[in-house]
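S.K.:
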Amino acid sequence: MMTKTFLTIASIFSFSILLAQNSTGYWQQHVDYEMEIDFDAKDYQYDGSQVLEYTNNSPDTLDRVFYHMYFNAFQPGSEMDVRSRTIEDPDSRVGDRISKLSDEEIGFMRAKTLQQDGKELNFKLVGTVLEVELNEPILPGKSSTFKMDFEGQVPVQIRRSGRNNAEGVELSMTQWYPKMAEYDFEGWHADPYIGREFHGVWGNFDVKISIDKDFILGGTGYIQNPNEVGYGYEDEGEKVRRRGKKLTWHFNAPNVHDFAWAADKDYIHDKITGKDGTTLHFLYKDNKEIIENWKNLQSKTSDLLDFFNEHIGPYPYDQYSVIQGGDGGMEYAMCTLITGEREFGSLVGVTAHEMAHSWFQHILATDEAQHEWMDEGFTSYISSLAMNEVMDQNRENVFAGTYRGYTSLANSGFEQPQTTHADRYEYNSAYGVTAYSKGSVFLAQLGYLIGQENLDNTLNRYFDEWKFKHPTPNDFIRIAEKVSGAELSWYLNDWTRTTNTIDYAIKGVSVEPGTTIVTLERVALTPMPIEVKVDFKGGTSETYYIPLRIMRWTKPGATNIQEDWAWAFPTYTLEIPSPQYGVEKIEIDPSGLMADVNRENNVKVLNE
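Those letters in the sequence shown? Residues -20 to -1, 1 to 588, by mature numbering (1 follows the signal peptide of the UniProt record, and there is no 0).
(1) Measuring only the C-alpha atoms, how far is residue 565 from residue 497?
(2) Do the CB positions of residue 315 and residue 198 come within less than 8 Å of each other?
(3) Are three or more beta carbon pairs between the region 512 to 524 and the region 459 to 479 nearer than 8 Å?
(4) Tell me whether residue 247 is buried or exposed, calling it buried when 16 or more other Cβ atoms sit within 10 Å of its Cβ.
(5) I'd like the span of the beta strand (DSSP E) that includes residue 162, first residue to last.
(6) With distances taken between CB atoms, is the gap from residue 175 to residue 51 smaller than 8 Å?
(7) Distance check for residue 491 and residue 583, CA to CA, integer angstroms please.
(8) May I have the straight-line CA-CA distance separating residue 182 from residue 482, to the nearest angstrom?
(9) Quick one: residues in its chain with C-beta nearer than 7 Å to the C-beta of residue 20, no 5 flanking neighbours on either side, listed in chain order?
(10) Quickly, what does DSSP pair residue 352 with across the bridge? List them, please.
(11) Can you tell which of 187, 567 and 146 has the C-alpha that lies nearest to the C-alpha of residue 158?
(12) Distance check for residue 300 and residue 580, CA to CA, integer angstroms please.
(13) Tell me whether residue 542 sits in a helix, a strand or coil according to DSSP, three-state version.
(14) Should residue 237 go down as buried or exposed, given a rule of 16 or more other Cβ atoms within 10 Å for buried?
(15) May I ask you to report which of helix, strand or coil DSSP gives residue 133?
(16) Determine the direct distance from the alpha carbon of residue 63 to that of residue 592, and round the result to whole angstroms.
(17) Let me check one thing: in DSSP terms, what residues is residue 557 bridge-paired to?
(18) Should residue 34 be labelled buried (16 or more other beta-carbon atoms within 10 Å of its own) or exposed?
(19) Could you check the C-alpha separation between residue 448 and residue 504 for me, to the nearest Å?
(20) Cα-Cα, which of 446, 438, 445 and 452 is closest to residue 461?
(21) Leaving out five residues on either side along the sequence, give the residues of the same chain with a beta carbon under 7 Å from the beta carbon of residue 573.
(22) Going by DSSP in three states, residue 149 sits in which element: helix, strand or coil?
(23) In the DSSP output, which residue or residues are listed as bridge partners for residue 343?
(24) How long is the line joining the alpha carbons of residue 91 and residue 102, rounded to whole angstroms?
(25) Where does residue 221 sit, in a helix, a strand or coil, going by DSSP?
(26) Report the CB separation of residue 195 from residue 164 in whole angstroms; it is logged as a contact under 8 Å.
(27) Sorted by chain position, which residues of the same chain lie with C-beta nearer than 6 Å to residue 127's C-beta, five sequence neighbours on each side aside?
(28) Work out the CA separation of residue 98 and residue 140 for me, nearest whole Å.
(29) Alpha carbon to alpha carbon, how far is residue 7 from residue -11? Give it in angstroms, no decimals.
(30) Which residues in the same chain as residue -3 place their Cβ atom closer than 6 Å to its Cβ, once the five residues preceding and following it in sequence are excluded?
(31) So what does DSSP say about residue 189, is it helix, strand or coil?
(32) Less than 8 Å separating the beta-carbons of residue 87 and residue 134?
(33) On a Cα-Cα basis, can you pick out the residue from 551, 151, 160 and 71 that is closest to residue 108?
(34) Within the 8 Å Cβ cut-off, does residue 272 reach chain C?
(35) Can you give the Cα-Cα distance for residue 377 and residue 85, rounded to whole angstroms?
(36) Going by C-alpha to C-alpha distance, which of 228, 192 and 217 sits closest to residue 208?
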């Protein structure tokens, strides 16, 4: 099926790459997969053949490549196993479970043969990475075709992937195929699979999966033979006859960087059409205790799609699937796998978060191993706003809990910079707060810095300029600078590359005839523009804005603009005219959007 969406995506993608390369030197690799899988549901093993065309768009000559072989993580003694048993606060879903797997329960993925352009290659499997030495180097601008025969075994479900999860879903097939590692301006990203997330090459997938005909599948890509497989995918009025023991499902997924699927014999499959024409698929267990929630979820998912289309950018594919599976919630191209035995609010919440990842990761494809806060934090920010609207929560400050999480970590002594590789945090809890909460605060606080309208426009422009690419933190902050006119490199540096904190205080107040003199102090290292609200005894109030010198900019709509504050000066004097009424209260940052780690020194109430 060649959809209009695919043609549009392809043309935009080609043009954007040329434009980016001409203006900034940006480039990215490309890969096309053709795979045929023969699945044996009795022993959860499968044989696969893969033809992979790899295009080297880099300026470098490549003399080797790497494949991710993720299922090998689920074996006793693997890096994921050992890390989980030696970190102080392991993921409870993993714990020591991998170490206890039998040979029949482990996962594995093995290359049986591998050729480059018809010639056999030497390769070595090292844990979850296949190291491949090339017979012929791939020159800049050239392509090479790799053909692999491989075999795999699906592990007992422990983390994301696996069979027979806690809710009885038989197959959660994620990270299930030999996946070419990404090569970019930083070189190869052949990270072992230890527990965190992913970085993949953009490309097209053509996948055929032969499996017991009683299984119902859902996942990435458009089904090419809907009238053969049926189960709700067939054309209206079509009668489907499934002959033989197995059924082959043929998927095509254009311009994605991953491919996932799930399968169960008891799935209910519903579908609705969103306002933008996107087909929304829902696959969930035939369990009477959850059916009502899953039925009610469907209209909310359509509302979420509308929200993200408006506040980020238009969803570019023709379908999206919400599938019960996995061990919590995890995003994949054109779909998500979530656990489904939840209260309704939780079910909508996990769907909101994972669906938002379709933009912040599966369209704006950051390197999640190095910049995990960009996908998790941005997703947390936008899904919090979406939930507030879609679920009519009417919360005045939707990020209050997020700020509390961050400040708790910042004051704990265990914080590491956001530039820490996702696998190398000392504590899992520190990773979680840094990626999700601190990443979300990065955006909410940016709204404080440049104004909400500028932030909204930044997200829209970021989507327009970086969709179907691999943006970095600097790419995002440069968009914010272009939209707002403010200088913001200091903010990116202090917030993401250090553990410096924000702490401003009211150091002292003195009253003179007609004037109240306030001495403000920067206690911690990270600078900020400051908003000070002054309540007068007569019942009126004024807000004073103190620009930050290194921003070289003043916030739109600011009132009572003062002389700027240079970072190197630890104190600042603010003079407040008060000829008629005395000052009753002074407060730094009444919005609460500045992530001050000690708000107790932000307020001063003057005595009668």
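Quick reminder that beta carbons are idealized off the backbone N, C-alpha and C, glycines included. Note that this is a predicted model, so its numbers are computed, not measured.
M.R.: In terms of the structure at hand:
(1) Taking the sequence shown and counting its residues from 1, one reaches residue 565 at position 585. Taking the sequence shown and counting its residues from 1, one reaches residue 497 at position 517. Between residue 565 and residue 497, the C-alpha separation is close to 13 Å.
(2) Residue 315 sits at position 335 when you count from the first residue of the sequence shown. Residue 198 sits at position 218 when you count from the first residue of the sequence shown. Contact: yes.
(3) no
(4) In the sequence shown, the residue the question calls residue 247 occupies position 267. By the neighbour-count rule (16 or more Cβ atoms within 10 Å), residue 247 is buried.
(5) Along the sequence shown, read from residue 1 onward, the residue named residue 162 stands at position 182. 162 to 164 is the extent of the beta strand (DSSP E) around residue 162.
(6) As a first step, residue 175 must be located in the sequence shown, where it is residue number 195. As a first step, residue 51 must be located in the sequence shown, where it is residue number 71. No, they are not a contact pair.
(7) Walking along the sequence shown from the start, residue 583 turns up at place 603. Walking along the sequence shown from the start, residue 491 turns up at place 511. The straight-line gap from Cα to Cα measures roughly 17 Å.
(8) Start at 1 with the first residue of the sequence shown, and residue 182 comes out as number 202. Start at 1 with the first residue of the sequence shown, and residue 482 comes out as number 502. Between residue 182 and residue 482, the C-alpha separation is close to 39 Å.
(9) The residue given as residue 20 occupies position 40 in the sequence shown. So the list reads 26, once near-sequence residues are dropped.
(10) By 1-based counting over the sequence shown, the position of residue 352 is 372. Answer is none; residue 352 lacks a bridge partner.
(11) Taking the sequence shown and counting its residues from 1, the one referred to as residue 158 is at position 178. Closest option to residue 158, Cα to Cα, is 187.
(12) By one-based count along the sequence shown, residue 580 stands at place 600. By one-based count along the sequence shown, residue 300 stands at place 320. Roughly 46 Å between the two C-alpha positions.
(13) Translated into the one-based positions of the sequence shown, residue 542 becomes position 562. Three-state result, residue 542: coil.
(14) Counting from 1 along the sequence shown, the entry for residue 237 is found at position 257. It is buried - the Cβ of residue 237 has at least 16 other Cβ atoms within 10 Å.
(15) Residue 133 sits at position 153 when you count from the first residue of the sequence shown. Of the three classes helix, strand and coil, the one that applies to residue 133 here is strand, per DSSP.
(16) Nothing about residue 592 can be read from this structure; the chain reaches only from -20 to 588.
(17) Residue numbering aside, residue 557 sits at position 577 when the sequence shown is read from its first letter. For residue 557, which the question treats as bridged, DSSP gives the partners 495.
(18) On the sequence shown, residue 34 is found 54 positions in, with the first residue counted as 1. Residue 34 comes out buried.
(19) For the purposes of this step, residue 448 is taken as the residue at position 468 of the sequence shown. For the purposes of this step, residue 504 is taken as the residue at position 524 of the sequence shown. So the alpha carbons of these two residues sit roughly 39 Å apart.
(20) Here residue 461 refers to the residue found at position 481 when the sequence shown is read from its first residue. Looking at the Cα atoms, 438 is the closest of the given residues.
(21) For the purposes of this step, residue 573 is taken as residue 593 along the sequence shown, with counting starting at 1. Closer than 7 Å at Cβ, skipping near neighbours: 424, 425, 427 and 428.
(22) As a first step, residue 149 must be located in the sequence shown, where it is residue number 169. DSSP places residue 149 in coil when its eight states are reduced to three.
(23) Looking up residue 343 in the sequence shown gives position 363. Answer by DSSP bridge pairing: none, since residue 343 is not bridged.
(24) In the sequence shown, counting from the first residue as 1, residue 91 sits at position 111. In the sequence shown, counting from the first residue as 1, residue 102 sits at position 122. Their backbone Cα atoms lie some 11 Å apart in a straight line.
(25) Your numbering for residue 221 matches position 241 in the sequence shown. It is coil, neither helix nor strand.
(26) As a position in the sequence shown, residue 195 is number 215, starting the count at 1. As a position in the sequence shown, residue 164 is number 184, starting the count at 1. The pair is not a contact, with the Cβ atoms about 37 Å apart (cut-off 8 Å).
(27) Numbered from its first residue, the sequence shown carries residue 127 at position 147. The residues are 31 and 95.
(28) If you number the sequence shown from 1, residue 140 lands on position 160. If you number the sequence shown from 1, residue 98 lands on position 118. Straight-line Cα distance between these residues: approximately 35 Å.
(29) For this step, residue -11 is matched to residue 10 along the sequence shown. For this step, residue 7 is matched to residue 27 along the sequence shown. Unreliable positioning characterises residue -11 in this predicted model, as indicated by a pLDDT of 47, which lies under 50. A coordinate reading is not provided.
(30) For this step, residue -3 is matched to residue 18 along the sequence shown. Below a pLDDT of 50, predicted positions are generally treated as unreliable, and residue -3, at 40, falls in that range; the measurement from the model is reported next regardless. Excluding positions up to five away in sequence, the list is empty.
(31) One-based indexing of the sequence shown puts residue 189 at position 209. Reduced to three states, the DSSP call for residue 189 is strand.
(32) Sequence index remark: in the sequence shown, residue 87 carries index 107 (1-based). Sequence index remark: in the sequence shown, residue 134 carries index 154 (1-based). Yes. Within cutoff.
(33) The residue given as residue 108 occupies position 128 in the sequence shown. Checking every option, the nearest Cα to that of residue 108 belongs to 160.
(34) You won't find chain C in this structure, because it holds only one protein chain.
(35) Your numbering for residue 377 matches position 397 in the sequence shown. Your numbering for residue 85 matches position 105 in the sequence shown. Whole-angstrom Cα-Cα distance: 47 Å.
(36) For the purposes of this step, residue 208 is taken as the residue at position 228 of the sequence shown. Of the candidates 228, 192 and 217, the one whose C-alpha sits nearest the C-alpha of residue 208 is 228.
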